[in-house]
Amino acid sequence: MTADAAIDIVRRDIRYYERSDGGVTFSGGEPLAQPLFLKACASRCKDLGIHVAVDTCGYARWSAFEEILPYVDLFLFDIKVVDRSRHVELTGVDNRLILENFGRLREREKRVWVRVPLVPGCTDADDDVSAIRNFVGPLKRGEEIHLLPYNPVAAAKYAAIGRTYALDD
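Heads up: the sequence shown runs through residues 256 to 424, numbered per the working numbering.
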């Protein structure tokens, strides 16, 4: 889909956004994996006066964030765990880039809501949640922390592709 096609779809709901004080959230996958498309869409939304949010895991080059900063009103930023070795164990990647990007957003005074997915036995320990709270520190104006309860909807998707779902119980 082109950015023009996406914005044509957004325009259909512009009255709803105006009445509800709502907006567009770019999520995915990872929207920052396609920074040029994201920038094109987000900038057009801003031209139309539409609030823009980006739902990200933060694992992207800072240059991708820089492209979209002028057009984003809110970042929904996932932080799974703060400890690097546990993050590698759970996700397969180091979280240094993620935590640095979070800090850079805050330095630039972007509005950020931290979202913590609580996966049983993986990210739901009190120590994990406390470590995130300590990392985030005092909340700034407009910031929030959301604890996201585990959602087992993926189990059916795993079954459909013949894979075992590790958190079935």
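Each residue gets a CB set at the ideal place from its N, CA and C atoms; glycine is no exception.
So, at 7 angstroms on beta carbons, what are the nonlocal neighbours of residue i in its own chain, with the 5 sequence-adjacent residues on each side left out?
i, result
"cysteine 377", "Leu345"
"aspartate 383", "Val336"
Would you mind reading off the limits of the alpha helix (DSSP H) that contains residue i?
i, result
"alanine 415", "409-415"
"alanine 308", "That residue, alanine 308, is in no alpha helix (DSSP H); its beta strand (DSSP E) goes 306-311."
"valine 265", "258-267"
"isoleucine 400", "Segment 399-403 is the beta strand (DSSP E) holding isoleucine 400; no alpha helix (DSSP H) there."
"alanine 319", "317-323"
Could you check what DSSP says for residue i in three-state terms: helix, strand or coil?
i, result
"proline 393", "coil"
"aspartate 349", "coil"
"proline 290", "helix"
"asparagine 356", "helix"
"threonine 314", "According to the sequence shown, residue 314 is tyrosine rather than threonine. DSSP places tyrosine 314 in coil when its eight states are reduced to three."
"alanine 421", "coil"
"valine 343", "helix"
Leaving aside the five residues before and after residue i along the sequence, list all residues of the same chain whose C-beta is less than 6 angstroms from its C-beta, in chain order.
i, result
"aspartate 328", "His306, Val307"
"tyrosine 420", "Ala410, Tyr413"
"leucine 287", "Thr311, Ala315, Ala319"
"isoleucine 353", "Gly313, Tyr314"
For the beta strand (DSSP E) that residue i lies in, which residues bound it at each end?
i, result
"leucine 331", "329-333"
"glycine 376", "First-last for glycine 376: undefined, no H or E at that position."
"threonine 280", "278-281"
Sort out for me which residues DSSP pairs residue i with in a bridge.
i, result
"valine 367", "Phe330"
Might you give, ordered along the chain, the residues of its own chain that have their beta carbon closer than 8 angstroms to the beta carbon of residue i, omitting 5 neighbours on each side?
i, result
"valine 348", "Tyr314, His342"
"lysine 294", "Glu322, Ile323, Tyr326"
Check whether the region 304-313 touches the region 331-342, taking contact to mean three or more Cβ pairs, one atom from each stretch, closer than 8 angstroms.
yes
Okay, do the region 358-377 and the region 394-407 touch, 3+ Cβ pairs below 8 angstroms being the bar?
yes
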